[in-house]
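Going by this note's numbering, the first residue of the sequence shown is number 4, and it counts up by one from there. Virtual Cβ for every residue (Gly too), placed ideally from N, Cα, C. Written out below as structure tokens is the structure these notes cover.
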Amino acid sequence: MGAIIPDKPETSQSRADRDFVELTTPLLDSLIDTQDPADPLARQFRFDPREADEVPGFHADPVGDLAATAVPGVLHKYHGRALLVLTGACAVHCRYCFRRHFPYDEQRLDEPALQRAIAYLRDDAEITEVILSGGDPLVLSSRRLAAVIEALAAIPTLRRLRIHSRIPSVSPERVDARLCRALADFPHPVVLVAHVNHARELTGESRAAFDRLRSAGVTLLNQAVLLAGVNDSVDALADLSERLFDQGVLPYYLHQLDPVAGAAHFAVDRQEGERLVVAVRDRLPGYLVPRYVIEVAGESSKTPLGPANG
Ligand code: SF4
4 MGAIIPDKPE TSQSRADRDF VELTTPLLDS LIDTQDPADP LARQFRFDPR EADEVPGFHA
64 DPVGDLAATA VPGVLHKYHG RALLVLTGAC AVHCRYCFRR HFPYDEQRLD EPALQRAIAY
124 LRDDAEITEV ILSGGDPLVL SSRRLAAVIE ALAAIPTLRR LRIHSRIPSV SPERVDARLC
184 RALADFPHPV VLVAHVNHAR ELTGESRAAF DRLRSAGVTL LNQAVLLAGV NDSVDALADL
244 SERLFDQGVL PYYLHQLDPV AGAAHFAVDR QEGERLVVAV RDRLPGYLVP RYVIEVAGES
304 SKTPLGPANG
């Protein structure tokens with residue numbers, strides 16, 4: 004038999020598709036109700052055949068990440084802040100992820116590339132906030148994270164460090180003493196923006212992880228994505244806000260779904276989203292109502308949606 008010759012070269016996108024297999028954690032698996040075909044947790048993490056559908060308007064780079072790449076590993080979209088993409092790995096694979104096709108291979112930060120990325124952040128005096136993102140930065144070892152945080156601490160113009168992570172809810176044991184020490188030692192305020200979409204993702208374990216982070220002086224916020232069949236009801240959104248606050252986390256953003264290829268079945272109509280947020284506002288105090296926003300590629304900030312902004 005002759006060699007099998009691929010009919011077209013493998014691109015970064017096809018590699019990313021292949022790598023975006025189902026991935027969960029033991030804690031998350033224990034929370035999924037396998038008896039319920041409409042379980043809102045299963046829906047976020049279990050493969051759905053509709054991911055293969057090609058839907059007009061849904062594509063590989065929905066928020067203009069590639070155009071915003073300043074140097075490998077640094078996305079610089081907005082004034083005063085920049086993302087440091089430390090890893091493409093995550094503890095879980097959220098099926099609606101807006102970076103599910105991101106060419107992480109091309110942005111991989113080996114030591115020299117990391118030094119170049121940190122030099123970029125240091126050389127732009129207007130950058131006052133660095134956002135550790137990914138992938139999920141907290142999948143890295145606490146030793147490596149501590150080294151990165153220490154390098155960032157030496158940048159004289161930085162005033163804040165922000166971390167975007169799903170770890171406190173899906174793999175809370177990762178929030179260990181060494182990580183908390185590194186965060187506590189950072190000489191400026193640290194903000195952790197968690198990513199929780201449904202109240203059932205919050206457990207005693209997540210509460211303990213948030214407690215450890217708060218004890219390290221970290222400000223805790225949450226960003227959720229409005230997802231059909233997961234949290235597109237007033238009850239689900241209100242429960243999420245209440246339970247987040249019970250665990251010391253302030254609801255910050257509710258994102259309109261980014262139109263990434265493979266996630267069209269999660270889309271909720273914008274008018275419906277606005278109606279939901281207004282109804283949540285009628286039910287909860289203002290500080291528990293997240294800002295409903297959309298990210299538009301090329302815009303200088305997130306765009307508030309409907310009467311819920313502010
Ligand atoms: S944890 Fe974040 S980056 Fe990772 S798959 Fe989920 S949404 Fe995407």
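With contact defined as three or more Cβ pairs closer than 8 Å, the segment 168 to 183 and the segment 192 to 200 are in contact. At a cut-off of 6 Å, the beta-carbon of residue 183 does not count as near the ligand SF4: no heavy atom of the ligand is closer than that.
Rounded to the nearest angstrom, the Cβ distance from residue 60 to residue 262 is 5 Å, consistent with a contact under 8 Å. The ligand SF4 approaches residue 96 closely enough that one of its heavy atoms is under 6 Å from the residue's Cβ. Between the segment 61 to 81 and the segment 217 to 235 there are fewer than three inter-stretch CB-CB distances shorter than 8 Å, so the stretches are not counted as touching. The secondary-structure analysis by DSSP pairs residue 198 across a beta bridge with 226.
Residue 107 and residue 76 have their C-alpha atoms some 9 Å from each other. When the alpha-carbon of residue 111 is set against those of 24, 248, 98 and 138, the nearest one is in 138. Annotation: residue 43 to residue 240 spans about 12 Å, alpha carbon to alpha carbon.
Sequence-distant partners of residue 292 (beyond 5 residues in either direction) whose C-beta falls short of 8 Å from its own C-beta, in its chain, are 244, 254, 280, 283, 284 and 311. Annotated three-state conformation of residue 77 is strand, per DSSP.
Between the beta-carbon of residue 257 and that of residue 229 there is about 6 Å, and that keeps the pair under the 8 Å contact cut. When 130, 286, 236 and 190 are compared, the shortest CA-CA separation from residue 86 is found for 130.
If you draw a straight line from the Cα of residue 50 to the Cα of residue 142, it comes to about 22 Å.
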